[in-house]
Amino acid sequence: MATRERVKEKNALTAWGRTVVWVAFVSTAFASRCSPSDGWRQAATKWLEACNRRDAKAWKAVFGADGTYEDPLTKHAVPGAVHEGPFARLWHEAKSWRCEMAGFVRLEDSALLEWRANGQVGEVELEFRGLAVFAVQDDRLVWMRNYFDTRPFLKLLQAERAGRRP
Numbered sequence: 055m056a057t058r059e060r061v062k063e064k065n066a067l068t069a070w071g072r073t074v075v076w077v078a079f080v081s082t083a084f085a086s087r088c089s090p091s092d093g094w095r096q097a098a099t100k101w102l103e104a105c106n107r108r109d110a111k112a113w114k115a116v117f118g119a120d121g122t123y124e125d126p127l128t129k130h131a132v133p134g135a136v137h138e139g140p141f142a143r144l145w146h147e148a149k150s151w152r153c154e155m156a157g158f159v160r161l162e163d164s165a166l167l168e169w170r171a172n173g174q175v176g177e178v179e180l181e182f183r184g185l186a187v188f189a190v191q192d193d194r195l196v197w198m199r200n201y202f203d204t205r206p207f208l209k210l211l212q213a214e215r216a217g218r219r220p
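Residue numbers (our numbering): 55 to 220.
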């Protein structure tokens with residue numbers, strides 16, 4: 055097994071107080087099942103675009119009427135149509151913000167979106183990495199479980215206590 059593959063298999067994300075081991079599923083077989091016109095990839099792209107625009111209204115619109123969202127901060131499923139996203143408070147304070155797709159895999163009845171987000175709040179540079187597992191119906195998210203490392207939020211809290219955050 056190549057070193058690069060071993061690193062991907064051992065890469066861990068902190069979620070719900072536990073470590074979730076991310077095993078890279080990306081292979082030619084899975085990747086070939088997705089095309090740019092795939093509604094699942096389009097839903098993921100719309101989610102990322104809303105994050106990049108820092109647009110909570112667009113973020114909520116990606117979810118279906120009964121769609122739910124869950125992450126380490128919500129700790130349980132909440133209606134996607136009312137949740138503004140895990141970074142909505144940061145979007146208002148950030149000097150810069152960029153979110154991008156690092157990987158996408160369409161599975162049988164769900165999909166995986168590996169993502170990265172970078173931003174600057176005050177003097178603090180932030181880097182989030184995450185994995186969203188989701189399902190789509192009629193081009194909208196039915197449910198999304200977003201696993202990401204919450205340590206950048208701790209970095210902000212430490213900066214705030216040191217008086218370095220606006």
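In this text, a Cβ means the ideal position worked out from N, Cα and C, and glycines have one as well.
Identify the residues that DSSP records as bridge partners of G173: which are they? W151, L180
From the DSSP output, read off the bridge partner residues of F141. According to DSSP, F141 bridges with nothing at all.
What number of angstroms, rounded off, separates the C-alpha of D193 from the C-alpha of L185? 20 Å
Relative to the C-alpha of H130, which candidate in K209, R199, C105 has its C-alpha closest? R199
By DSSP's criteria, T122 is part of a beta bridge. Which residues make up the other side? P133, W197
Per the contact definition of three or more C-beta pairs closer than 8 Å, is the region 207-217 in contact with the region 99-119? no
Got a sec, what are the start and stop residues for the alpha helix (DSSP H) A213 sits in? 205-215
Taking 7 Å as the cut-off, decide whether the C-beta atoms of W139 and A98 are in contact. Residue 139 is actually Gly in this sequence, not Trp. In this structure, A98 does not lie closer than 7 Å to G139 by Cβ.
Which residues mark the beginning and the end of the alpha helix (DSSP H) in which L102 is found? 93-107
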